[in-house]
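In the working numbering, the protein residues as written are 2 to 122.
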């Protein structure tokens, strides 16, 4: 096992606007807060698998968590519902965040490597 430190970044909500998925979850669960519940469970299971050193496909995990949430809330999640989650994502359902955000690293003097983004002075 490597003794080198590992740095992990979670960029899902920092860079992507997940609120654009709320209409799908409202349709499926009659509750706009269902998207946040799904995402929290998705992150939890993803971290658990990572800590257990079990490789997983994030898209398959996302679909599985959606189906699990459906079972918990007595809602039938179809293949078409899962496809809509991913089709919407591919069609920019999760657009990049716009404007200033306290969680945006570039606003704290951290850059993704573009010279124009380095702080001046």
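All residues carry an ideal CB built from backbone N, CA and C; glycine is no exception. Computed from a predicted structure; not experimentally measured.
message = Please tell me whether residue 65 has its Cβ less than 7 angstroms away from any Cβ of chain B.
response = The chain labelled as chain B is not found in the depicted structure, where only one protein chain is given.
request  = Excluding the 5 residues preceding and the 5 following residue 23 in the sequence, name in chain order all residues of the same chain whose CB lies nearer than 7 angstroms to its CB.
outcome  = Hits under 7 angstroms: 33, 36.
ask   = Which whole-angstrom value is the C-beta distance of residue 66 and residue 42, which I expect to be below 8 angstroms?
value = At roughly 5 angstroms, the Cβ-Cβ gap stays under 8 angstroms, so residue 66 and residue 42 are in contact.
key: Outcome for residue 87 when other beta-carbon atoms lying within 10 angstroms are tallied against a minimum of 16   = Its Cβ having fewer than 16 others within 10 Å, residue 87 is exposed.
Buried/exposed call for residue 93, threshold 16 Cβ in 10 Å = Low confidence applies here, because residue 93 scores a pLDDT of 42, under 50, leaving its location unreliable; read the following figure in that light. Residue 93 comes out exposed.
inquiry  = So, for residue 71: in the same chain, excluding its five sequence neighbours on each side, which residues have a beta-carbon less than 6 angstroms away from its beta-carbon?
reply    = If we look at residue 71 and ignore the five residues flanking it on each side, its Cβ neighbours are 78.
request  = Report yes if the CB atom of residue 40 is closer than 7 angstroms to the CB atom of residue 76, and no otherwise.
outcome  = It is not a contact, given that the beta carbons lie outside the stated cut-off.
query = Are residue 64 and residue 83 touching if we call contact CB-CB under 7 angstroms?
reply = Yes, Cβ-Cβ distance for residue 64 and residue 83 is below 7 angstroms.
Environment of residue 52 [buried if 16+ CB atoms lie within 10 Å] = Exposed, by the Cβ-count rule.
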